[in-house]
Structure formats: C-alpha cells, structure tokens
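Working notes, beginning with the structure itself.
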C-alpha cells in the first residue's frame, strides 16, 4: 500500500441504461480517494442520482467496471465498508420517535443493545439536536429538523462512506447554508469519504474538495474542478470574490452542458 | 354533437317502447275458444301463497275446467313463493282474492289488515312433524321424552310456538328448518316440519320411512288454503265474491275427483313440481278436505267455533294481544250456502 | 383540554346525526298519520318505540349473543386475514394462485354458503361465527396485502443500505407500514361481521333458549309483528354503528402515532 491515499471508489467506462431507449449514463470514468469530499454537479435529470445509487450497490451498471474498496459495491457494503445513504427526503419511519429512527441502523446491523444509547446520543449531539427532540414523533418536526434526523441516522453507525443525494434541495436558502456549514464541520471531525450530489453550484463549491461536472442525459463527466479553498470553510467564504468567480465559471459550464 | 344526441334519442325511444311493451302475461284459460260473449266478464286476480302446488289444486281446476268462466270471471292466478305478502296485497287492493292460511290471516288482522275468509277447502291442516317410523314416536307428545332428538322447524311460526307450549321440548334440540329433506334422510333421530302431502313423498321416494305426526291431533288446526278477500269486496260486491266462491268450491270438488288435467297444468306452471308428487298430493289432500263424516256438499265450509278456537290459541301463545280481535269478524260464511247445491259427478 | 375535546366531538360528530334522526322520525310519524298507514304496512315510530320498550330485555340478550358471535368472527378475520396477507406478500405466484379463491368467497352469496355451513358444522355458535368470519375476511386480507406491498421504494433502499434481512424488513418496515391499511380494512370488516352474524342466525340456531338478533328479525317477520320487526332491525343497526364507532376509535388511537395533533385536522 502506497502512502498516497488509495481510491475508495473507482468507476471505469460505466454505462447505465434502464431500457432500450433510455441511456442514463454514458462511459463514466472517475475515482474518489479515501477521506475525500467530492460533489457531483449537473443539471436535473443528468443521472447523478443514478450514479450515486450505483456506488451504493442499489443498482448494477449495464456496462463498465465499478468498485468500492476494491470490490463490487454491494459486497463492499455488506462485508468491507460501512456505507450510509442520505436521501433527498428524510424518509423517517412515522411510527417511531426521533431517537428510535436513529436507532434503526443499529438494530438492523445487530449492534449490541447496550451501545445504542451512547451512539444515539452522540449522533444527536453531532447534528445539533437535543434530548427533548429525541422523544418527538417525526410529524411534529419541521423539514429542516427532519433532515437533521436523517443525517443523524446515517451517521450513527460511524460510516466510512457517506453518499448524499441532494439532501438539502427542499430546504430554504438560509437553512441550506446552515446545514452545509454543519456538514463540513462533521466531515472535518469524522473524515468519512463523502460523495455529494447536487445541482446547486454554490453548495458544491462550499462543501467540496473536488467537483465532477456532468452533462445532461445521457450523463457524462465533462469536467473535474479542484476547489482551492482551505478548510475549515467559514460562512464568510461565500462573500469572497474568488468564490463568486468560481461559481460563475461553473454556472457557465453547467449552462453549456445543458445545451 | 349531433352524433351523441342521435344516440340519446334512440336510447330514450327504446326505453319508452320497452315500458309500453312491459306487462305481465296473464295466465288465462287457454282452453275456452268461445270468447265472443265476453262483455260482462270481470277481470279478477287471485294470489297464491306459495309456488303452484297440490294445495292450490282446486283453484287451478276451476281455471282449467272453465268454472270461473262459467261464472263470468276472467281469473288471473298469481303464483307466490317464500315471503310473498298475499294478505297485505289483498288488503291494499293490489289483488282481488288471495289464498293463505288462517293463522296468517289472524296475525295480519291484528295489524289492522281488513281481510276476511270466505271459504276453506281443507277441513284439517296438513301441517305435521315428519319423523321416522323406526323412531318409535306415535304422537307429538312423545317428543317430550325422546332423547336425543333434533327437531327442525321455524320456531317463529304459530304452529311451532303452539307445539312448544303444549309439548315440553326442553330435552330435544330445536334447530332451524333447512328447507329440504336431506338431513332427515341421513339422521334417524330427526324430525322436521312438513306438509303431509309434500315432504313425506320425497322421503318415501328416497326409500325412507316417514311418519306424519299431525298438528291437528294436538288441537292446532288452522284452516288451510282459504280463499280470502278484503271486507270492502264482501260488502260492496257480494255477487262477485259469491261467484268466485262457487266456482272455487266446484273446482275443488273436481280436483279431488279428477285431478289429472289440473295437475298437468300445475306442472306446466311450476316444472319443479313433478306429476308424481302432485298425484300423491291429491290423495293426501282427500282425507283433509273431506274427513270422516264430512259430506261432499259441505266442502269449503268453516265454523265460527273453529275460528274462535284458533284465536284463543294464538292469544294464548302471545301472537295476538288479547281483546284486539273478534273472531267473527274474520270470516264471512254467507257465500258458502250458494255453493252447496253444486255436485260434481265423476265421469 | 379533554373536556373541550369531548365537547367538540359531541357537537361535530354526535349532534348532527341525532338531529337528522329526529327529523326522519318526525316525517315518518307524519306519514303514518297523514296517509293512515296500517300497522302491517308501516308501524308508527311510537309503536316501534313501544315495541323496543316491551322487548328491551329480549333485545338486550339478543345483542349479547349476536355481538359475541360478531366479535369472534371479526377477531378471527383480523388474525387470519393478517396472517394470510403476510403469506400473500411473499411472492406474486402465491398471490395469483390464492387470490381468486378469496374473491370467489366474497362473491358467492352467503345465502348459498350458510346452509352448507350448517350441514358441515352443525347448528350452534361456531357456525354463526364462521359465517361472520367469511363475510368479514376480505377487506382485511385485501387491505393488509396492499399495505404490506405498497412501501415507498426509498424506505426499502434504506433497509437495503443497512443490509437488512428479509425478516427484518418484514417486521420493522412492512408490517408497521401496513397497519393503517389493516385498520382501514378492520373498520369495514367490523360492520360486515355484524351483518354476517345476523345473516348467519337466519340459517343457524343457537339452541332452544338462546336467540340472537337474526332470529328475532326472522320470527317477528314470520309472525307479522312489524313493529317488533322494526325494533329488532333498529337495534341491529344501532349495534352495528356502535361496533363501527368502537373500532374507529381504537383505530384513531393507534394511528395517533402517525399523525400530529387532533385527528380532525387530518380529515
């Protein structure tokens, strides 16, 4: 093993089609190193969510080579690597309280019951929720709170790979920015490998080390941008002229990609 | 659009046309060719209380042999069935005459249906409990000591309530009447409600050993297949009622003497009723219509005393509130006298 | 707080139907008087009320017998229906082989099945329960199966991401998801179980001294005591409504975990 970080995720010429005429992804080649935070940025319908689900092992590619931790994504998820997925909507189980929702992955993975309380409390604290919130049913929470719970649920198993599918798309700007800042903080603390799908340019730039830009359907990777700003990234970064220029560049690329 | 309006017109026209076509086809006397002198003929409807059966034989005989026509009556017989409201329909004027049983009449009179009985072809009720000969039972009272035993009857019926009152049925199992003889054939300690001219035939045909324990033997003897009409008819059109009564009595006399033609007709009206069972039925009816000591000339007669007895019994078992009915209002005997002179001589 | 809720429930749920009932009774009484309707056609509300008063203990006992049979049939269909729904949710092949029989069971008229039941299972409580069970099974089975199958695919993905076994998914996801559907089916089934018990009693007897509402309806009809018939039918209807209300109340209480705040807001 070299001292250079190894690739946790590798894709070579991956293509995906759902039927004869619907080609969703075309010849995707990319990689993500262990501990990296990478965003997939592209117009709506470009297949970025599909690519994420391929990495999660939820679907299989119709062509090409795909590996997570050196093996098929589903196998890796089962045996090698703790993977967590954060969906576009919080998808909390309505019949469970917040704490019980966060507990769910621990139950499914047969984590010792004695450990549950501690892990849940840590997760709550990590995501900024308090003990009182833990006892509430999901229906009594706001959209933003529910997304925090969804994140806490994903983080409770201390994942090595975190896949996020436009989790903040339904939230208002202020909340989205707040959650972006929180997410970066958590990543800096836990240093999982993060793959973040979004169509929001500013969000991608704020969060990531690297951005993979995708074209519209059938999705291809048309650009790879390294984000030069150092961590930790503060809210003031958004006012930085370089930040604005980078965002403008990317926006232009996206517009071209959408042609 | 023109297209849809055309369809609508077509559909409406067909619907209206169908309404105009729709009318029940009357069962009239198809045998009488001479329909020229029909000016004074009166249309009359007669509702039966069950599907056409031997117990309606006399009325069909009057139709088939033209007795109704002779009296100037164009009679339409309306077959009945389960739960058909004969007496209410007569009370409402939906039909002119009806055939039903005396206990039913009393129940409905208690509900203020003003219908009266004018003639009863059967003197003794065919209502019985059918048991197996090998059960050793010889009379209904024996049921009190028979164990184990299953008795299938509709407990709500007046005869059943009376039976329960007179005979102690606590030791035996009373179940609902299943509507067929299947269980009777299978089980030997089993009895069911029956009509003496009907179910025993079915049991015998299946090589069983039926024995009828008559309800009339313990005193419950409601007039059966009686001819009823509403009081208004009796008061305002006595001549019509007399003619109807006369023709019906003549029909019953004919039926008991020569039933074949009538039975053929009944079979046509009710194919489920085989000719064999109808023939059996007539034989079973004869002793009921004309029991020992009863002259043929008296066929159809009713007595006030019998009606009072029935009313007492029904009051006793709680089906009629005491004091609500006067038995002599339930019948009208004046039409019977006009029929006594009629004698039917067999060929 | 509780008092206020009861008050609001009374005003919104109880008073309107009672007022409507009173209006209907008034119109009924008027019709009987105005058209001089005879009792054998339509008894007056007063006569029916009198009959209820006279028959009160009889009707009360009948409600106990019929109600017991209905509740037993209902619970049987709840348990067995849920179990069969579980089995059906396992594979499409099982569903397509089994479903037609249950649809058949639903469409064959009970008046044809009931005499057969009497022949095979005899007279008595068990046969009435069986009729009630057969009549009330289908809604629970259908709604339960549907509830077990109709899961948000994202939730299924969530479970997959956590490497959940089939059994875990069934117990922790599918079954709780199916509960609202099962409860909806239970609401329908409870009413059908009452109807089933009454219809069953038309064909099945309990024994010489015990009789349910079905028996009373049948015999008062045979005896042409229409006022008592109405009394029995009215009692049956009210009983059915009470059962439905009870199941509804239980269902709402259970579902409170799914919903926020008072249930009225969810309508």
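Protein chains in written order, with this note's numbering: chain U, 26 to 284; chain X, 13 to 359; chain G, 2 to 268.
Where a beta carbon is used, it is the ideal one built from N, C-alpha and C, also for glycine.
One question on the structure: do residue i and residue j come within less than 7 angstroms of each other, judged by their Cβ atoms?
{"i": "residue 253 (chain X)", "j": "residue 171 (chain X)", "result": "no"}
{"i": "residue 149 (chain G)", "j": "residue 82 (chain G)", "result": "no"}
{"i": "residue 110 (chain U)", "j": "residue 188 (chain U)", "result": "yes"}
{"i": "residue 64 (chain G)", "j": "residue 240 (chain G)", "result": "yes"}
{"i": "residue 159 (chain U)", "j": "residue 149 (chain U)", "result": "yes"}
{"i": "residue 91 (chain U)", "j": "residue 238 (chain U)", "result": "no"}
{"i": "residue 223 (chain G)", "j": "residue 168 (chain X)", "result": "yes"}
{"i": "residue 26 (chain G)", "j": "residue 46 (chain G)", "result": "yes"}
{"i": "residue 133 (chain U)", "j": "residue 126 (chain U)", "result": "no"}
{"i": "residue 70 (chain G)", "j": "residue 130 (chain G)", "result": "yes"}
{"i": "residue 231 (chain G)", "j": "residue 49 (chain G)", "result": "yes"}
{"i": "residue 134 (chain X)", "j": "residue 228 (chain X)", "result": "no"}
{"i": "residue 178 (chain G)", "j": "residue 134 (chain G)", "result": "no"}
Just verifying my parser: in three-state terms, what is the DSSP assignment at residue i?
{"i": "residue 130 (chain G)", "result": "helix"}
{"i": "residue 165 (chain X)", "result": "coil"}
{"i": "residue 224 (chain G)", "result": "coil"}
{"i": "residue 339 (chain X)", "result": "helix"}
{"i": "residue 187 (chain U)", "result": "strand"}
{"i": "residue 86 (chain G)", "result": "helix"}
{"i": "residue 183 (chain X)", "result": "coil"}
{"i": "residue 285 (chain X)", "result": "coil"}
{"i": "residue 199 (chain X)", "result": "coil"}
{"i": "residue 321 (chain X)", "result": "helix"}
{"i": "residue 249 (chain U)", "result": "strand"}
{"i": "residue 85 (chain X)", "result": "strand"}
{"i": "residue 1 (chain G)", "result": "Because chain G spans 2 through 268 in this model, residue 1 (chain G) falls outside it and cannot be assessed."}
{"i": "residue 83 (chain U)", "result": "coil"}
CB-CB under 7 angstroms to residue i, same chain, minus the five flanking residues each way: which ones, in chain order?
{"i": "residue 86 (chain U)", "result": "39, 40, 41 and 79"}
{"i": "residue 175 (chain G)", "result": "90, 149 and 152"}
{"i": "residue 43 (chain U)", "result": "49"}
{"i": "residue 260 (chain X)", "result": "70, 71, 74, 131 and 239"}
{"i": "residue 128 (chain G)", "result": "118, 119, 122, 201 and 205"}
{"i": "residue 7 (chain G)", "result": "none"}
{"i": "residue 116 (chain X)", "result": "99"}
{"i": "residue 47 (chain X)", "result": "Its pLDDT being 45, under 50, residue 47 (chain X) is placed unreliably in this model, and the value from its coordinates should be taken loosely. Taken in chain order, the list of residues that qualify is empty."}
{"i": "residue 221 (chain X)", "result": "144, 145 and 146"}
{"i": "residue 125 (chain X)", "result": "99, 100 and 103"}
Assuming residue i contacts residue j (C-beta within less than 8 angstroms), just tell me the rounded distance between them.
{"i": "residue 263 (chain X)", "j": "residue 70 (chain X)", "result": "4 angstroms"}
{"i": "residue 137 (chain G)", "j": "residue 182 (chain G)", "result": "No, residue 137 (chain G) and residue 182 (chain G) are not in contact; Cβ-Cβ is about 16 angstroms, not under 8 angstroms."}
{"i": "residue 83 (chain X)", "j": "residue 255 (chain X)", "result": "4 angstroms"}
{"i": "residue 392 (chain X)", "j": "residue 110 (chain X)", "result": "The question about residue 392 (chain X) has no answer here: the residues shown for chain X are numbered 13 through 359."}
{"i": "residue 137 (chain X)", "j": "residue 215 (chain X)", "result": "With 8 angstroms as the limit, residue 137 (chain X) and residue 215 (chain X) do not qualify as a contact, their Cβ atoms being about 19 angstroms apart."}
Short of 6 angstroms in beta carbon distance, which residues of its chain neighbour residue i, apart from the five on each side in sequence? Order them along the chain.
{"i": "residue 255 (chain G)", "result": "none"}
{"i": "residue 77 (chain U)", "result": "188, 190 and 222"}
{"i": "residue 275 (chain U)", "result": "226"}
{"i": "residue 251 (chain U)", "result": "235"}
{"i": "residue 49 (chain X)", "result": "Reliability fails at residue 49 (chain X), whose pLDDT of 43 lies under 50, so the model's placement of it is uncertain and the value that follows must be treated cautiously. Here the set comprises nothing."}
Quick check on the DSSP output: the beta strand (DSSP E) that includes residue i runs from which residue to which?
{"i": "residue 57 (chain U)", "result": "48-58"}
{"i": "residue 36 (chain G)", "result": "Looking at the DSSP string, residue 36 (chain G) is not in any beta strand (DSSP E), and its letter there is neither H nor E."}
{"i": "residue 144 (chain X)", "result": "139-144"}
{"i": "residue 226 (chain X)", "result": "222-226"}
{"i": "residue 32 (chain U)", "result": "32-42"}
{"i": "residue 93 (chain U)", "result": "88-93"}
{"i": "residue 236 (chain U)", "result": "235-239"}
{"i": "residue 241 (chain X)", "result": "238-242"}
{"i": "residue 103 (chain G)", "result": "Premise fails: residue 103 (chain G) lies in the alpha helix (DSSP H), 93-108, not in any beta strand (DSSP E)."}
{"i": "residue 223 (chain U)", "result": "218-223"}
Where do the N-terminal and C-terminal ends of the alpha helix (DSSP H) with residue i fall, by residue?
{"i": "residue 190 (chain G)", "result": "176-204"}
{"i": "residue 158 (chain G)", "result": "154-162"}
{"i": "residue 268 (chain U)", "result": "266-282"}
{"i": "residue 158 (chain U)", "result": "156-159"}
Return the chain-ordered list of same chain residues with a C-beta closer than 8 angstroms to the C-beta of residue i, the five sequence neighbours on each side being excluded.
{"i": "residue 37 (chain X)", "result": "Reliability of the predicted coordinates at residue 37 (chain X) is poor, the pLDDT of 41 falling under 50, and the value obtained from them is presented with this limitation in mind. Result list for residue 37 (chain X): empty, nothing under 8 angstroms."}
{"i": "residue 75 (chain U)", "result": "41, 49, 50, 84 and 244"}
{"i": "residue 187 (chain X)", "result": "162, 163 and 164"}
{"i": "residue 184 (chain X)", "result": "155, 158, 159, 160, 161, 162 and 163"}
{"i": "residue 100 (chain G)", "result": "89"}
{"i": "residue 160 (chain G)", "result": "169, 170, 173 and 174"}
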